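These notes concern the structure reproduced below.
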Amino acid sequence: MKATDHILVVDDQKEICEVVQQYLSSEGYRVSVANDGGGMRRVMAQGAVDLVILDLMLPGEDGLTLARQLREESTVGIIILTGRGETVDRIIGLEMGADDYLPKPFHLRELLARVKSVLRRASSRAQKEPPSSARARARFAGWHLDLATRELVSPEGGEVRLTTGEFDLLAAFVNNANQVLSRDRLLDLARNREAGPFDRTIDVQVGRLRRKLEPDPAKPTIIKTVRGTGYIFTPTVEVV
469 MKATDHILVV DDQKEICEVV QQYLSSEGYR VSVANDGGGM RRVMAQGAVD
519 LVILDLMLPG EDGLTLARQL REESTVGIII LTGRGETVDR IIGLEMGADD
569 YLPKPFHLRE LLARVKSVLR RASSRAQKEP PSSARARARF AGWHLDLATR
619 ELVSPEGGEV RLTTGEFDLL AAFVNNANQV LSRDRLLDLA RNREAGPFDR
669 TIDVQVGRLR RKLEPDPAKP TIIKTVRGTG YIFTPTVEVV
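Put into structure tokens, the structure is as follows:
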């Protein structure tokens, strides 16, 4: 954990905000709270936020809408925290760009483990990459991926934003191109299982990557499905 790690808790239940704020503060984090979307934006306008713990059931704008807006504007870590238990909400939350999901009621120690995992993945990825500048950038199918700065540039020259989870998964594919990778193996490569990932996390992340990379996501040519096994990243990867 860095001394500057700033966590924003967005929940309309003030008692939950107070408990989570007190607990995470005791663990050394800087914690702010908000009770709705307007409050969330006011806190974020005041300074950098590293992670948002976001409830789905909020007055006014719901958590899914806010998660989508956050992901469109930044790569901040997002943990969905909600009383809803339906799988569809969990999957939609991930598709909106959330990095993790924790249903209520929850144990504070489990929440802390999820917080540490999301922050660790966001901050340590560059440290895991080979230090040699010769392996810092990769080209594939006209795309350019900078493994050090985490920047992805399209064949047309535009920068494409990636969430932490999307970058980790794409880096795993790039570093293991033309190999059939099972979902189990991809979980190890991209997430290290630290957050107890969900059954369909990899499928959701692959779907999001396809929408960003593929000319036709319905007929993928870059990340292909290997029926009954997993996925294969088909382009030739050139390290520059």
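Throughout, this note's numbering is defined as the position within the sequence shown, counted from one, plus 468.
Note that the Cβ used here is the ideal one computed from N, Cα and C, for glycine as well.
A quick note: this is a predicted structure, and the numbers were derived from the prediction, not measured.
Name the residue from the options whose alpha carbon lies nearest to the alpha carbon of residue i.
i: residue 651; options: 618, 698 and 503; result: 698
i: residue 497; options: 613, 474 and 519; result: 474
i: residue 580; options: 701, 490 and 682; result: 490
i: residue 484; options: 676, 495 and 574; result: 574
i: residue 492; options: 480, 686 and 519; result: 519
i: residue 642; options: 612, 631 and 543; result: 612
i: residue 504; options: 481, 488 and 540; result: 481
i: residue 568; options: 576, 676 and 546; result: 546
i: residue 563; options: 696, 647, 472 and 631; result: 631
i: residue 500; options: 534, 472 and 577; result: 472
i: residue 623; options: 696, 682 and 494; result: 682
Leaving aside the five residues before and after residue i along the sequence, list all residues of the same chain whose C-beta is less than 7 Å from its C-beta, in chain order.
i: residue 673; result: 633, 634 and 637
i: residue 582; result: 547, 568, 570 and 663
Quick check on residue i: buried or exposed, where buried means 16 or more other Cβ atoms within 10 Å of its Cβ?
i: residue 689; result: exposed
i: residue 516; result: exposed
i: residue 476; result: buried
i: residue 640; result: buried
i: residue 694; result: exposed
i: residue 544; result: buried
i: residue 487; result: exposed
i: residue 648; result: exposed
At the level of alpha carbons, what is the spacing between residue i and residue j?
i: residue 657; j: residue 627; result: 24 Å
i: residue 601; j: residue 707; result: Summary for residue 601: the model assigns pLDDT 40, below 50, so the residue's position carries little reliability; its value from the coordinates is reported in the next sentence. Rounded to the nearest angstrom, the two C-alpha atoms are 10 Å apart.
i: residue 684; j: residue 704; result: 19 Å
i: residue 588; j: residue 559; result: 23 Å
i: residue 541; j: residue 644; result: 30 Å
i: residue 680; j: residue 532; result: 20 Å
i: residue 618; j: residue 625; result: 15 Å
i: residue 686; j: residue 526; result: 33 Å
i: residue 610; j: residue 535; result: 30 Å
i: residue 577; j: residue 528; result: 30 Å
Please return the same chain residues whose Cβ sits closer than 6 Å to the Cβ of residue i, not counting the five positions on each side in sequence.
i: residue 604; result: 615 and 616
i: residue 549; result: 521, 523 and 570
i: residue 468; result: A query on residue 468 cannot be resolved here, the shown segment of the chain reaching from 469 to 708 and no further.
i: residue 608; result: 703 and 705
i: residue 621; result: 612 and 627
i: residue 561; result: 548 and 569
Who are the near neighbours of residue i in its chain, counting only those whose CB is closer than 8 Å to its CB and skipping five residues on each side?
i: residue 513; result: none
i: residue 510; result: 502
i: residue 530; result: 524
i: residue 675; result: 563 and 685
Between residue i and residue j, which are expected to be in contact by the criterion C-beta below 8 Å, what is the C-beta distance as a whole number of angstroms?
i: residue 572; j: residue 551; result: 4 Å
i: residue 565; j: residue 539; result: 3 Å
i: residue 691; j: residue 677; result: 6 Å
Would you say residue i touches the ligand GTP, meaning its beta carbon is less than 8 Å from a heavy atom?
i: residue 692; result: Among the components modelled here there is no ligand, and therefore nothing to report on the ligand GTP.
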